[in-house]
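K.L.:
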Amino acid sequence: MSQTDNSEIRAALTASASQAARQVLLGKLDRLPTRAAQLVRAEIALQDGMPEDAIAAVIEGFGESPEAPGPAKILAEAFLECNDPASAHRALAKHCDSQGFQMLRAQLSVVAALGDQDATVALAVRACEAFEDRPAMVEHALLCLARVDALDAIWQLFNTSGFKAVKLALRQSLIESCLRCGSGAVLARFLAWWEGDSVASLLGALSSFDADRRHSVLAEAAHNLPVGRALFFLGHACDRAGLEDIGQDILNRCRSHQAPQVWPKQAQSLTPQRESLLAQSYEKVLRWLDVAERDRAEWLTRLDYGMRLSADVDFLYASDPAFRADFDSRRRAPDLGPLKALADAGQRGILATAHTGLVMQITTFFQEAGLTDVTMIGGHPCHRKIYPGGQMLHPMPPGGHRGYAGPLARKALAENGIVALAVDLDVTPMMRLRHHGVEVSLPTTVPRLALQCDAPLIWGCSHLRGEEIHYDCTPLPTKHATETDERFYERVLLRCLDLMRDACLRDPANAGSAAKMLARGAD
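Per our numbering, the sequence shown starts with residue -10, numbered consecutively.
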């Protein structure tokens, strides 16, 4: 049997969801050479949660310390599933010097399971140097370092690797490591980096630690955080976790803090890491807007102000009464005509918007216009309490867009409701676009949902004009009878970018809202 046939059978076994189909394919293993068949059986046994069978299959075909990396990796993984890291270590004995991606991952898992902090740190550094452009390796290295509580190495790697896409499971592991080590100072660094995105991870991690440990670490973390969004979200997380004493102390500290007025000054400062990311985004925005060299300084000042304001508006709005009053006084009557027409007629519709802090203010606009039955998907739980009309918000669980947003939106649309979704939801599939010389990747979720549910699309986003806050609604393209779905998705997304660019050209501060969308893709 050829190597191609072998690979096809293994792929079919792995992908098949039908038990009957699996049995038919398993019968074809008799056509494979003995060792190849044993390897496939081991892979399937491991996939099916039977590590003992996987161990037996590999040992029968390749021995207890396989020469080939594939069987050695499967054997090590199976031993780890059986909580036998010593045997897993022996399985990899002949591959200690391997520089392969999969083998380095397996070695990291084994040394971390053995609890060898020094070996884990050394191997993590080696793996990340070899595969610094592979986020999966950096994430795995951080997870392994968290298992051995190597806090200094975690922070150094996290801070220097350029690794940004921190998944929920990794955030929770890193937080748990801080709790185990009793280090609120390091926890504060992570919370400052993730801000609101750490709330769900923090709540999940807190449940497995005793009250005294949680109290001391969180108190230290709060002490190390300046007043701002990260501290604000930490207070809400503690409050929801039943740690009302810490939570209320934090929230009272936020509320008593007189935040500086941000009109037209800059809002709260951002972390150094965010500053670096923003600098890259700003350059892309300036190219996108065709800003002349002589105007760069003025545009950057206004753009930076808009970005900081959109990042901090929820914290400032909740914690500073003077800011809230000033902010509300600058809101102008919104143009919600197209959206209100749908609502008055009892028709379904989708409001496509942008993923920024200022967007949360649409609850206020909607409430004042009598649009109180809109399903708005996104934001954090505390936003429901901060903004007038916040009860319309359905906070998005981190990493839960695919499993949460779609069903919730379809349910609302099936009842002829109106749904508000960010057009840059962090989900797949993505579409690569080129708009005014800048390449960007955006998900097709919103236009795809419009086709599936036969719902009209409307663009709506709050934006700044000088010191005034406006909100406009604009109908988006409908699908032509002769065009493909992909062409429709492209027209919708390009039109969204057109409208956002127009808002930026009216006032550079709106470019802060566009920076996140433009950060996707590469030139």
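Ideal placement from N, C-alpha and C gives every residue a C-beta, glycine not left out.
Quantities reported herein were computed from a predicted structural model and do not represent experimental measurements.
On the three-pair Cβ rule with 8 Å, is the segment 291 to 307 touching the segment 393 to 413?
P.N.:
Contact check between the segment 291 to 307 and the segment 393 to 413: fewer than three CB pairs, one atom from each, fall below 8 Å, which does not count as touching.
K.L.:
Tell me, please, whether the segment 125 to 136 touches the segment 96 to 112 by the rule of three or more beta-carbon pairs shorter than 8 Å.
P.N.:
yes
K.L.:
Could you check how far apart the C-beta atoms of A343 and S245 are, in whole angstroms? I think they sit under 8 Å.
P.N.:
Contact flag wrong, Cβ pair sits at about 32 Å.
K.L.:
Given that a residue counts as buried once 16 or more other Cβ atoms are within 10 Å of its Cβ, and exposed if not, what is T361?
P.N.:
exposed
K.L.:
Once you ignore the five residues that flank R136 on each side, which residues in its own chain have a CB closer than 6 Å to its CB?
P.N.:
Non-local beta-carbon contacts of R136 in its own chain, meaning distances under 6 Å to residues more than five positions away in sequence, involve A101 in chain order.
K.L.:
Along the alpha helix (DSSP H) that carries P58, what are the first and last residues, could you check?
P.N.:
58 to 70
K.L.:
Out of A142, R229, L382, S54, point me to the one whose CA is closest to V363's CA.
P.N.:
Cα-wise, what sits closest to V363 is L382.
K.L.:
Count Cβ pairs between the segment 54 to 62 and the segment 77 to 84 that sit closer than 8 Å; are there 3 or more?
P.N.:
yes
K.L.:
In this structure, does DSSP put G367 in helix, strand or coil?
P.N.:
coil
K.L.:
Count the other CB atoms within 10 Å of the CB of P40; is the residue buried (16 or more) or exposed (fewer)?
P.N.:
buried
K.L.:
Mind the definition here: the segment 197 to 214 touches the segment 159 to 172 only if three or more C-beta pairs lie below 8 Å; say whether that holds.
P.N.:
yes
K.L.:
Beta-carbon within less than 6 Å of A492's beta-carbon, same chain only, minus the 5 sequence neighbours each way: which residues are those?
P.N.:
H452, N499
K.L.:
L494: which of A43, E49, R291 sits nearest, CA to CA?
P.N.:
R291
K.L.:
Under a Cβ-count criterion, where at least 16 other Cβ atoms within 10 Å of its own Cβ denotes burial, should K400 be classed as buried or exposed?
P.N.:
exposed
K.L.:
What residues in its chain sit with their C-beta under 7 Å from that of L402, if we drop five residues either side in the sequence?
P.N.:
Only R337, V408, C442, A444 meet the Cβ criterion.
K.L.:
L440 to H425, Cα distance in whole Å?
P.N.:
27 Å
K.L.:
Does the separation of the CB atoms of A211 and L220 fall below 8 Å?
P.N.:
yes
K.L.:
How many Å lie between L397 and V216 at the Cα?
P.N.:
35 Å
K.L.:
Helix, strand or coil: which one does DSSP assign to D86?
P.N.:
Here D86 sits in coil by DSSP.
K.L.:
Quickly, what does DSSP pair E428 with across the bridge? List them, please.
P.N.:
R423
K.L.:
Per the DSSP calculation, W448 is bridged to which residue(s)?
P.N.:
A341, T463
K.L.:
With distances taken from CA atoms, which of D73, Q237, R178 is nearest Q145?
P.N.:
Ranked by how close their Cα comes to the Cα of Q145, the residues D73, Q237, R178 have R178 in first place.
K.L.:
Report the residue from A67, P58, A25, A26 whose alpha carbon sits nearest the alpha carbon of L35.
P.N.:
A67
K.L.:
Among E70, I339, R476, which has the Cα closest to the Cα of K468?
P.N.:
R476
K.L.:
How would you write the range of the alpha helix (DSSP H) that L410 sits in, first residue to last?
P.N.:
L410 -> not in any alpha helix (DSSP H); beta strand (DSSP E) instead, spanning 407 to 411.
K.L.:
Check the DSSP bridge columns for D324 and list the partner residues they point to.
P.N.:
Answer is D461, bridged to D324.
K.L.:
If I follow the unbroken alpha helix (DSSP H) through H526, where does it start and stop?
P.N.:
Missing from the structure shown is residue 526; the chain here goes from -10 to 512 and no further.
K.L.:
Please list the terminal residues of the continuous alpha helix (DSSP H) segment that includes L180.
P.N.:
173 to 183
K.L.:
Does the Cβ-Cβ distance between R484 and L465 come in under 8 Å?
P.N.:
yes
K.L.:
Let me know the secondary structure DSSP gives R454 once reduced to three states.
P.N.:
strand
K.L.:
Could you pull out every residue in the same chain whose Cβ sits closer than 6 Å to the Cβ of D138, ignoring the five residues on either side in sequence?
P.N.:
S166, R169, C170
K.L.:
Rounded to whole angstroms, what is the Cα-Cα separation between H459 and G326?
P.N.:
14 Å
K.L.:
According to DSSP, simplified to helix, strand and coil, what is H129?
P.N.:
Helix.
K.L.:
Is DSSP giving H383 helix, strand or coil here?
P.N.:
strand
K.L.:
Straight-line CA distance for M126 to D487?
P.N.:
37 Å
K.L.:
Do R490 and L278 have their C-beta atoms within less than 8 Å of each other?
P.N.:
Contact: yes.
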